[in-house]
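**Student:**
In mature numbering (1 follows the signal peptide of the UniProt record, and there is no 0), the protein residues as written are -22 to -1, 1 to 1063.
Right, here's the structure in full:
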C-alpha cells in the first residue's frame, strides 16, 4: 500500500464522520406522548405513562407490579382508573359496548354496578387549548348505558325538571333524525395537565383528580398534576450508543494523530515514503511481529502440502538435501532468541526492559511445533537466569484483621457518642472479638481552655458520662467508663506502649467526629501516632445519617467535595446512597474488662500524666473553666485517675464550678434520651403533624419542640434511632388517617434532621473556614460591627474569647470599631436590651441552655441585620457557650442563615421584637416568666413597657429607666425594680441595617475574594456606611470615656423618646419562609 492510499483511506473515514454528524441534524419524528408549546417548551408525559411490565417499590421496600392512576369520584357514584398515553395495565373483560380488540386499548374506565365502562381509548397526541395542556380520550362505551343521572342526589329536582323541559323538543328532533341508525355517542375523557410545583415530588409521580362529568355523562373531566407537565428543554436522542461515541472519539483522535504526524514528519523531519508515517519504527515492528507469528503458526502445516514451497522439517541427522536445514544447536539457539524476544515483549508490558531481537531469523527454521532438539543444560540454566524470580505485585492489607490474639485488647474511645445503642463504632469493636475491651474518655484541653462552655452544658456532659459508665457496668460488672485526665494527643501514645504488654490495645476504635477541630486532631495526631505504635485504627460514622465527606463529594465534581448549601443539594447528593440504615441494636453483653481495681492500676501505673501548658496558669489564677463561683479549675490536678483514684467521672468542683452552678432542668444520659424519644414517637399525631416554624417559640411548659437536640449532640441518642422512630410513627399515622395527611419536607421532623445533615456536609469540605466569614467562599462579606481578629499566620478568625496562657484569663478577640455597637452587643448578651421579648429569650437561654427554633431566629436577626448590625460571629460565640445542643456546624450555619450571609438572602424580612411575639403570645406570659420585673404590667404594655405612664409603672412595681449595669434588673434604690429603656429606635435601626445590607449585596463580595483578603474592600463602601468601614468618623469623640458615656446616654434618651412615639402594625398578607411573617412598624404623626 502506498502512502497515497493511506491518505485516501483517512479522507474516506473523515467523510464518514461528517456524514454521521449530518445525519444527526435531520429532523426526527416527534416522540409519542410529547409536544412543544407555542413558547417552545417541551413536554413529555412518558415518565408517568405506566407500562404493563413496570414495577414500583412499596413501603415495605419490595417491588410490586405497577398500577394505573386512580381518582376518586367523590359525588360521582364511581371511582376512575386512567393511564397516560397508554392502555391501563389492569386486565379488563366484558367492557360495555366494546369488543375484545378494543378492550385492550382502554386508557380510562370505571366500574359501576358490577359492569366496566370505558371512557376513552388510547391516544398519544397531546394538544394545547390556550395555555392548557390537554390529553383527550374518545370512543369509550356508548353514552346512556349506565346513566343514573335521574337517580343521583347531587342535582336538585328543579334543576332536573328544567333540564328535561329545555331539551325535550331537541331530543325528539334528534331521535327522529337518527331513526334507523345504530350509532350512538360514546364516552370521552378530557385530562388537563398541570405542573406540580412541589420540589420534593418525584418526576414519575402524578396526582389525578376527578373534576366533573357533563350532564349527559358522556364527557368526563380530570386534572392531573405532575412534574412531567412542567415542561423543559427537549433532550436530543443520541443516535450512537456509548461504544459508538467512544469509537468516534478514538477515530477522530487517530486521524488527528495520523495527519498531524505525517505533516510533521514530511515538513520538519523531511521524511519521504512510508517513513512519513508517525512512529514508523513502532508500527513496522508491530506489523513484523504479527506476520512472523502467522508464519510460525502456519509453517507446521507445510509438510501436508506437497506442492508448497517453503519451510521443511529440520533433519536431525544433518541431511540438508531438503529445505534449509540447520543442525540442532542452530535450531536451539534461534528458538532461544525467539523466546527471549517474546519474553521481552511481555516484560515491556510489566515495566521490564525489552531485549530486541531480529525476528527475521525465524524464517530459516523448519517445523517449530515440536520440542527443541537436545537442548544443552548450560543454555537452559543461563536462559532461566535472565527471567525474574517473581513479578512485583501490589498487596492490599485490611485495616481490620479477621481476628486478634487471645490476649488482644481493644480501646473504645468515646467522644460524642455516649451511648450503647445504635453505636456502629461499638459494634465494630465487638466484631473484633476482643478478650478485653477498654472504654475510655479523655479530657481534651482544647475544649477545656479554648472554648467557652457554660455550667449547664458541663452538667449535661457529666450526667451523660455517669449514665454511660453505669450502663457499661450493668452489662459487665468488671468494666466501666475510664475517664482519663489528659489530652488524647499526649495520653494515647503512652497508652499504646504501656506495661504490661498483655494489656496494650491492639486496636483503637472510635466514631468519626464532625467538628473541624476534632477531625484535624484525629487525622494529624491520633491516627498517625496509633499507626506508628502498630495499633490498628477503626472508625465508623455514627453521628450522622450519612457520611458528610461522602455527601459533599457527591455534591461536587471531579472528586472534590462541595458544600451542600441548600436542602435540594443535600437531597440530590444522598439519592444514590440508599435509605438510612436501621439502628444497630444495643449489645446484650460486653467482653471482660480489667475492672477498676488492681488490674486497671497496672495498666496506668507506668503512665505519667502530662498536664497541658494552660492548666498551670489557669490553676494559679483560680479561675473556673467557664466562669463558675467555685474554686480554681483542677481538671488535671489529681493525675489520670482523678481525686478518688478510680478513673471516675469528675464532679463540678473539679472543673472549678459550684455544685449548683447549673440551672437547667434538661439532664443527660442514654436512658433519659430514650425515654424522651419514646414519649415523642408514642404521640403519632404530634410527630406526623409537626411543622417548623409553625410551633410557638413561647411554649415551654411543655416545650413546643422535642428538646432532643442536646442528646443528639452528645450522642446519648442515636440519630438513626431518632430517624426511624419518626418514620415509623408517621407511617402508623398515615395508615390510620390516610396517605398524605402528615406534614411534608422540610418542615417536618425528618426535615429538621436533614437540615442537620446539610450543615455537616456544608462544613466538611471547608473545615474551620465554615465557622467564619473571612476566607469563607460560601459566606458573603458584609462589613459588620465588631469583626473578628484574624490570625495572619493561619488566616483563621480567633474565637470570641481566648485564654491567655500567662494569666489564664479570657480576653476579648474582636475589633471594637464602634463603642455603641459594643454596648448593644453586651446588653444583648446580658438580656438587657430594653426589648422584653429579646431579653426574655436571652434569659431563658442562660438559665436553661435551650431556646426554641424561632426564638433563636429572633435573637440572631436582632443582633445582626435586624437592629445592632453586629457581626454574626459574636452571636455564634455566645450561643457556643450557652446552648446545650451546640453543634459547631449547625450553629455557624444557622447564624449565617439568619444574618443573610449564606443559605438565605431575603434580608429585608426582619423579626419585630413587638409584633412577632404578640402573634404567638398576646397575653405576654412568656415575658412575664423570664422577665419578672414586668410581671405586673398590663397586656397593652408588656412588650412596650417604655410607653406605660410613670404612675402605672410605680403601681406595677417596676420603673423603666436609663440603663445602668450596676442596678439593671434589681433594686434601683427607690423601692421598686428597674427595667432599662430600649437601647435604640428599632424602626430606625432596621432601616439602617436594610440599607447597609443592600449596599453589601450590591458590592457582591465573598469571604475569599481578593479584596477581602488584602483589605481593599473598604474602598468600595462610602465613608458613612454602617459597619467597620474606613473613612472619617461621623462624630469625633473627645475627653475619653466620660464623654463617650455622656454621648451614649444622650443617644439612649433620644432613642427612648423616639421609640415611645412608635407603634407596630402587621403588614397585611405578607408571608415568608423562615421568618413566619413580615412585620412593619409605622410611625404615627
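C-beta: ideal position from N, C-alpha, C; glycine also. The model shown is predicted, which means the values in this text are computed figures rather than measured ones.
Residue 27 and residue 21 - do their beta-carbons sit closer together than 8 Å?
**Tutor:** Counting from 1 along the chain shown, the entry for residue 21 is found at position 43. Counting from 1 along the chain shown, the entry for residue 27 is found at position 49. No, Cβ-Cβ distance for residue 21 and residue 27 is not below 8 Å.
**Student:** Run the CB neighbour count on residue 242, radius 10 Å, all protein chains shown included, and call it buried at 16 or more, exposed below.
**Tutor:** Position 264 of the chain shown holds residue 242. Flag for residue 242 reads exposed.
**Student:** Between 690, 19, 663, 561, which has its C-alpha nearest residue 713's C-alpha?
**Tutor:** For this step, residue 713 is matched to residue 735 along the chain shown. For residue 713, the nearest C-alpha among the options comes from 663.
**Student:** How close, in whole Å, do the beta carbons of residue 520 and residue 395 come, if the pair is a contact with beta carbons under 8 Å?
**Tutor:** By 1-based counting over the chain shown, the position of residue 520 is 542. By 1-based counting over the chain shown, the position of residue 395 is 417. Going by Cβ atoms, the distance from residue 520 to residue 395 rounds to 6 Å, so yes, they are a contact pair.
**Student:** Counting pairs of beta carbons, one from the stretch 420 to 438 and one from the stretch 637 to 645, are three or more of them closer than 8 Å?
**Tutor:** At 8 Å Cβ cutoff, the stretches touch.
**Student:** In or out: residue 657 buried (at least 16 other Cβ within 10 Å) or exposed?
**Tutor:** Looking up residue 657 in the chain shown gives position 679. So residue 657 counts as exposed.
**Student:** Can you tell me whether DSSP reads residue 868 as helix, strand or coil?
**Tutor:** For this step, residue 868 is matched to residue 890 along the chain shown. The answer is helix: DSSP assigns residue 868 an H, G or I state.
**Student:** My output table needs one value for residue 114: the three-state DSSP class, helix, strand or coil.
**Tutor:** Walking along the chain shown from the start, residue 114 turns up at place 136. Strand at residue 114.
**Student:** Rounded to the nearest angstrom, what separates residue 225 and residue 233 at their Cα positions?
**Tutor:** Translated into positions along the chain shown, residue 225 becomes position 247. Translated into positions along the chain shown, residue 233 becomes position 255. Their backbone Cα atoms lie some 12 Å apart in a straight line.
**Student:** Got a sec? Which residues, its chain only, sit under 8 Å from residue 112 by beta carbon, not counting five neighbours each side?
**Tutor:** Locating residue 112 in the chain shown gives position 134, counting from the first residue. Within the same chain, residue 112 has close Cβ partners 104, 105, 106, 168, 169, 170, 171.
**Student:** In terms of residue numbering, what span does the alpha helix (DSSP H) encompassing residue 232 cover?
**Tutor:** For the purposes of this step, residue 232 is identified with residue 254 of the chain shown, where counting begins at 1. Segment 220 to 245, the alpha helix (DSSP H) holding residue 232.
**Student:** Tell whether a beta-carbon distance below 8 Å holds between residue 565 and residue 453.
**Tutor:** Numbered from 1 along the chain shown, position 587 holds the residue referred to as residue 565. Numbered from 1 along the chain shown, position 475 holds the residue referred to as residue 453. Cβ atoms of residue 565 and residue 453: closer than 8 Å.
**Student:** When the Cα atoms are used, what is the spatial distance from residue 683 to residue 872?
**Tutor:** As a first step, residue 683 must be located in the chain shown, where it is residue number 705. As a first step, residue 872 must be located in the chain shown, where it is residue number 894. Their backbone Cα atoms lie some 17 Å apart in a straight line.
**Student:** Check whether the stretch 718 to 734 touches the stretch 751 to 758, taking contact to mean three or more Cβ pairs, one atom from each stretch, closer than 8 Å.
**Tutor:** No, they do not touch.
**Student:** Report the three-state DSSP secondary structure of residue 14 (helix, strand or coil).
**Tutor:** Mapped onto the chain shown, residue 14 falls at position 36. Strand.
**Student:** Helix, strand or coil, according to DSSP, for residue 840 in the structure here?
**Tutor:** Counting from one through the chain shown, the residue named residue 840 turns up at place 862. Here residue 840 sits in helix by DSSP.
**Student:** Give the single residue among 120, 830, 852, 58 whose Cα lies nearest to the Cα of residue 674.
**Tutor:** Within the chain shown, residue 674 is the residue found at index 696, counting from 1. Per the Cα distances, 830.
**Student:** State the DSSP-derived secondary structure class of residue 971, mapped to helix, strand or coil.
**Tutor:** Sequence index remark: in the chain shown, residue 971 carries index 993 (1-based). Note: residue 971 maps to helix in three-state DSSP.
**Student:** By the three-class DSSP mapping on this structure, what secondary structure does residue 567 have?
**Tutor:** For the purposes of this step, residue 567 is taken as residue 589 along the chain shown, with counting starting at 1. DSSP places residue 567 in coil when its eight states are reduced to three.
**Student:** Rank 509, 532, 834, 772 by C-alpha distance to the C-alpha of residue 1093 and give the top, closest one.
**Tutor:** Outside the shown range of the chain, which is -22 to 1063, sits residue 1093, and nothing can be said about it.
**Student:** What beta strand (DSSP E) runs, 3 residues minimum, are completely inside the stretch 615 to 650?
**Tutor:** List check, beta strand (DSSP E) in window: nothing returned.
**Student:** What's the C-alpha gap between residue 473 and residue 461?
**Tutor:** Position 495 of the chain shown, counting from 1, holds the residue named residue 473. Position 483 of the chain shown, counting from 1, holds the residue named residue 461. About 13 Å.
**Student:** Throw me the rounded Cβ distance for the residue 426 and residue 407 pair, which I believe falls under 8 Å.
**Tutor:** What you label residue 426 is simply residue 448 of the chain shown in a count that begins at 1. What you label residue 407 is simply residue 429 of the chain shown in a count that begins at 1. Residue 426 to residue 407, Cβ: 27 Å. No contact.
**Student:** Do residue 459 and residue 446 have their C-beta atoms closer together than 8 Å?
**Tutor:** Along the chain shown, one-based indexing puts residue 459 at 481. Along the chain shown, one-based indexing puts residue 446 at 468. Yes, the pair counts as a contact, with Cβ atoms nearer than the cut-off.
**Student:** Have a look at 617, 181, 185 and flag the residue whose alpha-carbon is nearest the alpha-carbon of residue 210.
**Tutor:** As a working note, residue 210 is residue 232 in the chain shown. For residue 210, the nearest C-alpha among the options comes from 181.
**Student:** My guess is that residue 570 and residue 413 are in contact by the Cβ rule of under 8 Å, so how many angstroms apart are they, rounded?
**Tutor:** Residue numbering aside, residue 570 sits at position 592 when the chain shown is read from its first letter. Residue numbering aside, residue 413 sits at position 435 when the chain shown is read from its first letter. Yes, residue 570 and residue 413 are in contact; Cβ-Cβ is about 6 Å, under 8 Å.
**Student:** Below 8 Å on the Cβ atoms is my guess for residue 848 versus residue 762; work out the distance and round it to an integer in Å.
**Tutor:** The residue you call residue 848 lines up with position 870 of the chain shown. The residue you call residue 762 lines up with position 784 of the chain shown. Yes, residue 848 and residue 762 are in contact; Cβ-Cβ is about 6 Å, under 8 Å.
**Student:** Contact defined as beta carbons within less than 8 Å: I believe residue 518 pairs with residue 702. What is the distance between those atoms, to the nearest angstrom?
**Tutor:** Numbered from 1 along the chain shown, position 540 holds the residue referred to as residue 518. Numbered from 1 along the chain shown, position 724 holds the residue referred to as residue 702. Actually they do not touch by this definition, with Cβ atoms about 18 Å apart.
**Student:** Is residue 729 helix, strand or coil when you go by DSSP?
**Tutor:** The residue labelled residue 729 in the question sits at position 751 within the chain shown. Residue 729: helix per DSSP, three-state reduction.
**Student:** Less than 8 Å between the C-beta atoms of residue 801 and residue 809, yes or no?
**Tutor:** If you number the chain shown from 1, residue 801 lands on position 823. If you number the chain shown from 1, residue 809 lands on position 831. No, the pair does not count as a contact, with Cβ atoms beyond the cut-off.
**Student:** From this set, 475, 109, 525, which residue's C-alpha is nearest residue 490's C-alpha?
**Tutor:** As a position in the chain shown, residue 490 is number 512, starting the count at 1. It is 525 whose Cα lies nearest to the Cα of residue 490.
**Student:** Starting from the C-beta of residue 544, find all residues in its chain whose C-beta is less than 8 Å away, skip the five residues before and the five after it, and write them out in chain order.
**Tutor:** Walking along the chain shown from the start, residue 544 turns up at place 566. Hits under 8 Å: 736, 881.
**Student:** Rounding to the nearest angstrom, what Cα-Cα distance links residue 631 and residue 393 in this structure?
**Tutor:** Here residue 631 refers to the residue found at position 653 of the chain shown. Here residue 393 refers to the residue found at position 415 of the chain shown. Residue 631 and residue 393: Cα-Cα distance of roughly 22 Å.
**Student:** Answer with buried or exposed for residue 512, where buried requires no fewer than 16 other C-beta atoms within 10 angstroms of its C-beta.
**Tutor:** Against the chain shown, residue 512 aligns to sequence position 534. Result: exposed.
**Student:** Quick one: grab the DSSP three-state call for residue 809.
**Tutor:** Looking up residue 809 in the chain shown gives position 831. Residue 809 falls in the coil class under three-state DSSP.
**Student:** At least one CB of chain D closer than 8 Å to the CB of residue 8: is that the case?
**Tutor:** Here chain D cannot be found, since the structure has a single protein chain.
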